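What follows is a set of notes on a single structure, which appears directly below.
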Amino acid sequence: MLGGLDHLRPIGVAVLAADEHRARPDCAPPESLSHALGPEGTATDLYGVGLILAEGLLLRPPFARSGWPATRRAILEEPFQALRPRREEIPERLVALIERLVARRPADRPDNALLLSREIESL
Numbered sequence: 278m279l280g281g282l283d284h285l286r287p288i289g290v291a292v293l294a295a296d297e298h299r300a301r302p303d304c305a306p307p308e309s310l311s312h313a314l315g316p317e318g319t320a321t322d323l324y325g326v327g328l329i330l331a332e333g334l335l336l337r338p339p340f341a342r343s344g345w346p347a348t349r350r351a352i353l354e355e356p357f358q359a360l361r362p363r364r365e366e367i368p369e370r371l372v373a374l375i376e377r378l379v380a381r382r383p384a385d386r387p388d389n390a391l392l393l394s395r396e397i398e399s400l
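Quick note, my numbering runs 277 ahead of the 1-based positions in the sequence shown.
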């Protein structure tokens with residue numbers, strides 16, 4: 278699914294290795310921290326794809342802060358704009374896609390993996 282994105286680094290795969298939030302609290306989806314944001318579902322899984330892409334491009338976890346309270350606050354309160362101003366080698370469509378994938382509310386994220394895969398392939 279991620280073919281052609283050669284500038285991603287293996288560090289982004291660390292998100293996949295975190296089998297629970299205590300191992301990587303910065304990978305917790307917002308809706309698991311505040312149920313008022315909406316139920317978990319397909320959009321929650323695709324949030325993880327957005328984290329992988331963001332971490333691979335930034336070469337660091339996008340929401341990690343010093344300590345759990347600061348990390349939780351970043352996930353729940355900070356808008357994701359880490360790729361802005363964007364680096365020239367990152368296409369604007371990819372930046373916009375990642376921002377949609379890591380949107381705070383599940384309702385604001387893509388919720389169809391097949392359509393997401395096609396969108397990534399079209400990049």
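The beta-carbon is built from N, C-alpha and C at its ideal position, and this holds for glycine as well.
Note that the coordinates shown come from a computational prediction; the quantities given were computed from them, not determined experimentally.
Which of helix, strand or coil DSSP assigns to residue i
| i | result |
| --- | --- |
| Ser343 | coil |
| Arg349 | helix |
| Leu400 | coil |
| Asn389 | coil |
| Leu370 | As written in the sequence, residue 370 is Arg, which differs from the Leu given in the question. Three-state result, Arg370: helix. |
| Arg377 | helix |
| Ala384 | helix |
| Leu279 | Bear in mind that the predicted position of Leu279 carries a pLDDT of just 47, short of 50, making it too unreliable to give a figure here. |
| Pro316 | coil |
| Pro456 | Residue numbering for the chain in the displayed model covers 278 to 400; residue 456 lies beyond these limits and cannot be assessed. |
| Arg301 | coil |
Residue closest to residue i, alpha-carbon to alpha-carbon, out of the options
| i | options | result |
| --- | --- | --- |
| Ser311 | Gly333, Ala351, Ser343 and Leu336 | Ala351 |
| Glu355 | Gly325, Asp322, Glu365 and Ala380 | Ala380 |
| Val372 | Thr321, Pro306, Glu317 and Ile329 | Ile329 |
| Arg335 | Leu314, Glu396, Ala359 and Ser399 | Reading off the sequence, residue 335 comes out as Leu, not Arg. Comparing Cα positions, the closest option is Ala359. |
| Ala305 | Ile397, Arg382, Glu398 and Glu396 | Arg382 |
| Asn255 | Gly315, Ser309 and Ala320 | Lying outside 278 to 400, the shown extent of the chain, residue 255 is not represented and no answer is given. |
| Arg349 | Glu308, Gly315, Arg337 and Glu396 | Glu308 |
Alpha helix (DSSP H) segment containing residue i, residue limits
| i | result |
| --- | --- |
| Ile329 | Thr319 to Leu335 |
| Leu360 | Unbroken run through Leu360: none, as it is neither H nor E. |
| Leu310 | Pro307 to Leu310 |
Integer-rounded CB distance, given that residue j should sit under 8 Å from residue i
| i | j | result |
| --- | --- | --- |
| Pro368 | Arg377 | Not quite, the Cβ-Cβ distance comes to about 14 Å (not below 8 Å), so this is no contact. |
| Leu400 | Arg370 | 6 Å |
| Ile375 | Gly327 | 5 Å |
| Ala341 | Asp303 | 4 Å |
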